[in-house]
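Report on the structure given below.
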Amino acid sequence: MVKAVVLGAAGGIGQPLALLLKANPLVTELGLFDIVNTPGVAADLAHISTPAKVEGYLPADDGLKKALAGADIVVIPAGVPRKPGMTRDDLFKINAGIVKDLATGIATTAPKAFVLVISNPVNSTVPIVAEVFKKHGVYDPKRLFGVTTLDVVRASTFVAEILGNLSLSKDIIVPVVGGHSGVTIVPLLSKSTHPLPASLSTTDYEALIKRIQFGGDEVVAAKNGAGSATLSMAYAGAEFASKVIRAVNGEKGISAPSFVPLAADPAGGAVLTEELGQELEFFSSTVELGAEGVVKINPLGSLTDAEKALVKAAIPELATNIQKGSNYVIDIYKKEEDGPARL
Ligand SMILES: NC(=O)C1=CN([C@@H]2O[C@H](COP(=O)(O)OP(=O)(O)OC[C@H]3O[C@@H](n4cnc5c(N)ncnc54)[C@H](O)[C@@H]3O)[C@@H](O)[C@H]2O)C=CC1
Ligand SMILES: O=C([O-])CC(=O)C(=O)O
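Per the UniProt record's numbering, the sequence shown starts with residue 1, numbered consecutively.
This is the structure in structure tokens:
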């Protein structure tokens, strides 16, 4: 029995993600929460002949609480997407508050759920969820994930394109580490299951790295003001959610890159910190999954000089993004504790 909940379920990602979760036979209950339109989305999905019982909720009448009651896994694609010319960090102003409020709902209603954060900027929204959970005394770093699967999916696709065989893409695994924005996205192409052609020029190699790092911009530009990746993200989110569900159900040997707290695996986290040469509270690396969430954070291992340079370039922005997310919540709680300013 698995109850999956989507927060932001009526959106561009939320709807196709809910569809893919409804199509997953391992999901037996599907809770859909959004500030608009969830009754319609739920009624529509409920006619699909798969096991999951679907229910849609709006904020009225404690809808968030009802949606989250008994949740095993909560996926969060709530929030605004980018328009051309914006960075993911430009979304912080609006999305930070949305994610903080939803995280508060999870902390109070479903504190044991696995939480998969899609809302951007992921490098900051995951720390936001962590701080909310810490405040409520329910923080389990093994259960919190920033969804970076779309970077992995893109890397597989773009490498398959270069190899001239798209049908290979489902087997191609390229670890993509770091974070989820621009230079913080670090594809480790030397570790691809399918090596690039030896004839690939340095220019083409660098173009491939850039394309993986800025794949999101490609979609934002093509949508021309109508949002960012939704369908590929729904696919990626459903893939990652399915891995977490399978691992929780006892399947062994499941791993995937994800932006996780290094505290989820202190020993693995220490090795990674040594490799990075700097302490970061969160980093995306390949993690091994089990019934309780993260079992092991894998080290980066041996890297080419070019990859070492990419990791080095990612760290300052990543550190800033993480701090921004944590401070946002810490400052709010501090102000609440201090009480209203005296006149
Ligand atoms: N992690 C990743 O790789 C990716 C992340 N994203 C991010 O996902 C987020 C959603 O993108 P889209 O689905 O395209 O946007 P969208 O605007 O189509 O949908 C967002 C949904 O969130 C809902 N929402 C807003 N405030 C809410 C609240 N307080 N509670 C519940 N629902 C709320 C809206 O009503 C809307 O239905 C954006 O922040 C985007 O940047 C997008 C693509 C990839
Ligand atoms: O680019 C965006 O804003 C959405 C996103 O995170 C992606 O497509 O990777």
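Ideal placement from N, C-alpha and C gives every residue a C-beta, glycine not left out.
Keep in mind that this is a model prediction, so the values were computed, not measured.
Other residues of its chain near residue i: CB distance less than 6 Å, five sequence neighbours each side excluded
| i | result |
| --- | --- |
| Ala-71 | Lys-3, Val-5, Ala-110 and Ala-113 |
| Pro-81 | Gly-227 and Ser-228 |
| Arg-154 | Ile-212 and Gly-215 |
| Asp-186 | Before going further, note that residue 186 is Val rather than Asp in the sequence given. Hits under 6 Å: Val-177, Gly-178, Leu-310, Val-311 and Ala-314. |
| Thr-104 | Val-132 |
| Arg-88 | Asn-120, Pro-121 and Ser-181 |
| Pro-141 | Pro-261, Ala-263 and Ala-264 |
Nearest to residue i (by Cα), restricted to the options the options
| i | options | result |
| --- | --- | --- |
| Gly-97 | Phe-259, Asp-61, Gly-12 and Gly-79 | Gly-79 |
| Phe-158 | Ala-198, Ala-291, Arg-211 and Ser-199 | Arg-211 |
| Phe-145 | Val-75, Glu-131, Lys-335 and Tyr-328 | Val-75 |
| Leu-310 | Gln-15, Thr-125 and Leu-189 | Leu-189 |
| Met-233 | Ala-291, Ser-119 and Leu-208 | Ser-119 |
| Ala-306 | Glu-336, Lys-191 and Ile-162 | Lys-191 |
| Val-126 | His-136, Val-287, Ser-255 and Phe-283 | Phe-283 |
| Asn-249 | Gly-8, Pro-175, Leu-7 and Thr-28 | Thr-28 |
| Phe-133 | Thr-286, Val-147 and Val-115 | Val-115 |
| Ala-130 | Asp-151, Gly-269 and Leu-262 | Leu-262 |
| residue 415 | Arg-143, Pro-25, Val-138 and Leu-102 | What the structure shows of the chain is the stretch from 1 to 343, and residue 415 is not part of that stretch, so it cannot be assessed. |
| Ile-128 | Ile-332, Val-294, Asp-44 and Ala-67 | Ile-332 |
| Pro-59 | Pro-25, Leu-7 and Ile-254 | Leu-7 |
| Gly-290 | Ile-254, Pro-316, Gly-40 and Val-260 | Ile-254 |
| Val-329 | Leu-196, Asp-101, Leu-91 and Asn-24 | Asp-101 |
| Ala-52 | Pro-299, Asn-24 and Ile-73 | Asn-24 |
| Ile-162 | Lys-335, Glu-206, Ser-181 and Ser-285 | Glu-206 |
| Glu-275 | Thr-38, Gly-40 and Pro-299 | Pro-299 |
| Leu-303 | Leu-272, Glu-288, Lys-335 and Gly-293 | Leu-272 |
| Ile-13 | Thr-230, Ser-285 and Asp-140 | Thr-230 |
| residue 400 | Pro-257, Gln-278, Lys-308 and Gly-277 | The requested residue 400 is not part of the displayed model; the chain covers only 1 to 343. |
| Gly-164 | Pro-175, Pro-197 and Ile-173 | Pro-197 |
| Met-86 | Val-260, Asn-224 and Gly-301 | Asn-224 |
| Pro-16 | Pro-77, Pro-39 and Leu-26 | Pro-77 |
| Gly-301 | Ser-285, Val-294 and Ala-9 | Ser-285 |
| residue 346 | Val-174, Asn-321 and Ala-9 | No statement about residue 346 is possible, as the shown extent of the chain runs from 1 to 343 and does not include it. |
| Lys-65 | Leu-208, Glu-336, Ile-73 and Ile-106 | Ile-106 |
| Lys-252 | Asp-217, Gln-278, Val-294 and Glu-218 | Val-294 |
Residues near residue i in its chain [Cβ-Cβ closer than 7 Å; skip 5 each side]
| i | result |
| --- | --- |
| Ala-42 | Leu-32, Val-54, Glu-55 and Gly-56 |
| Leu-318 | Asn-123, Gly-178, Gly-179, Thr-184 and Leu-280 |
| Leu-166 | Ala-160 |
| Gly-63 | Phe-33 and Tyr-57 |
| Thr-108 | His-136 |
| Ala-221 | Pro-84 |
| Met-1 | Thr-28 |
| Lys-22 | Leu-30, Leu-45, Ile-48, Thr-50, Ala-52 and Val-54 |
| residue 359 | The structure shown does not extend to residue 359, since the chain is modelled only from 1 through 343, so no value can be given for it. |
| residue 350 | Summary: the structure shown does not reach residue 350, with the chain confined to residues 1 through 343, and so no result is reported for it. |
| Val-36 | Ala-10 |
Contact test: residue i Cβ vs ligand 4 heavy atom, cutoff 7 Å
| i | result |
| --- | --- |
| Arg-82 | Of the ligands this structure carries, namely ligand 1 and ligand 2, none is ligand 4. |
Close-in-space but distant-in-sequence residues of the same chain around residue i (CB under 8 Å, 5 per side omitted)
| i | result |
| --- | --- |
| Ala-236 | Val-147, Thr-149, Leu-150, Val-152 and Val-153 |
| Ala-67 | Val-5, Leu-7, Gly-31, Leu-32, Phe-33, Glu-55 and Tyr-57 |
Any chance you could list the beta strand (DSSP E) runs of at least 3 consecutive residues sitting entirely within the UniProt domain "Lactate/malate dehydrogenase N-terminal" (3 to 146), in chain order? 3 to 7, 29 to 33, 53 to 57, 73 to 76, 114 to 117 and 144 to 146
So within the stretch 150 to 202, which uninterrupted beta strand (DSSP E) runs reach at least 3 residues, ignoring any that extend past its ends? 176 to 178 and 185 to 187
Inside the stretch 221 to 276 only - alpha helix (DSSP H) runs reaching at least 4 residues: 231 to 248 and 266 to 276
Inspect the CB distances between the stretch 88 to 96 and the stretch 321 to 330 and report whether three or more fall short of 8 Å. yes
Would you call the stretch 262 to 273 in contact with the stretch 239 to 246, where contact means no fewer than 3 C-beta pairs closer than 8 Å? The stretch 262 to 273, when compared against the stretch 239 to 246, does not touch it at the 8 Å Cβ threshold.
Entirely within the stretch 271 to 321 and at least 4 residues each: give me those alpha helix (DSSP H) ranges in chain order. none
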